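Those letters in the sequence shown? Residues -22 to -1, 1 to 189, per mature numbering (1 follows the signal peptide of the UniProt record, and there is no 0), in order. We put the CB at the ideal spot given by N, CA and C, even for glycine. Just so it is clear, the structure is predicted and the values come from calculations on it, not from any experiment.
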Amino acid sequence: MRPSHGLAATLCLAVLCGCGTARPGTPATSATTTATTSATSATTSTTTTATTTATATTTATATPAAEPAPTGTAEVEVERRGGTQTLVTGVRYADHGAYDRVVVDLKGPIPGYTARWVEELTEDGSGQPIDVTGGAYLQLTLTPADAHTEKGAPTWTGGPIFQAGLGNVRSVVRTGDFEGHVGVGLVLDRRAGFAVRELGSPSRLVVDVAH
């Protein structure tokens, strides 16, 4: 009878030891699963945030709308007397899509000016016709202004006819530099709307002509 009790005790001890070994393994498996899930969530959150930021950056860069072409054809006259004599240092021109832009570069304050339609372009002083051909002529005259220094050196060089070849402006002509008047003639394909604007820093007179 005593050997039987010893065998039973040994079997019970073996069962209890087996149960004790299985329990510590269960929490370890749960911890591994939780860590993997958290890492996946963190990765997903980071990717989503980066995508949202890129979209916001793309939306912020919008293309500005183009300026409309001028439509008015009325002549312009602005009077300014006395003060410092302004120098015309050059004329630039470019096609801006729906209109051509002519920029008169100045040194000094913006003088008085007129912009009027004429039958032909003529030389200031002599009145002789200038040999250019177009469908319309817009004459811009600045006063008081010069295109030369006190010693007679020209400040607006080249020309007097500058071939432009734009949408409407065929050429730009220096029609004169005489007795405080500087003439800038625009040879156009056709009569169209135009606008004159004054700009500063540096001084400029801008003429936009519709195509």
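Environment of residue i [buried if 16+ CB atoms lie within 10 Å]
i             : result
glutamine 117 : buried
valine 96     : exposed
alanine 170   : buried
alanine 72    : exposed
alanine 125   : buried
threonine 51  : exposed
glycine 112   : buried
threonine 119 : buried
aspartate 109 : exposed
Residue i, DSSP secondary structure in three states
i             : result
valine 82     : strand
leucine 99    : coil
glutamate 145 : The question names glutamate, yet the displayed sequence has glycine at residue 145. Reduced to three states, the DSSP call for glycine 145 is coil.
alanine 170   : coil
alanine 28    : Confidence in alanine 28 is poor, its pLDDT being 37 and thus under 50, which makes the residue's placement too unreliable to answer from.
glycine 68    : strand
proline 107   : strand
arginine 59   : coil
Beta-carbon contacts of residue i that lie in its chain and below 6 angstroms, excluding the five residues immediately before and after
i             : result
glutamate 55  : Thr92
glycine 137   : Arg152
glutamine 141 : Ser149
Close-in-space but distant-in-sequence residues of the same chain around residue i (CB under 8 angstroms, 5 per side omitted)
i            : result
glutamate 53 : Thr92, Ala93, Arg94, Trp95
residue 190  : What is shown of the chain runs -22 to 189, which leaves residue 190 out entirely.
arginine 59  : Gly90, Pro122
CB of residue i within 8 angstroms of CB of residue j, strictly
i              : j             : result
alanine 123    : valine 160    : yes
leucine 164    : valine 147    : yes
tryptophan 134 : glycine 86    : no
glycine 154    : glutamate 101 : yes
valine 81      : valine 66     : no
Residues bridged to residue i (per DSSP)
i           : result
alanine 188 : Tyr77
residue 252 : No answer is possible for residue 252: it lies beyond the span of the chain, which begins at -22 and ends at 189.
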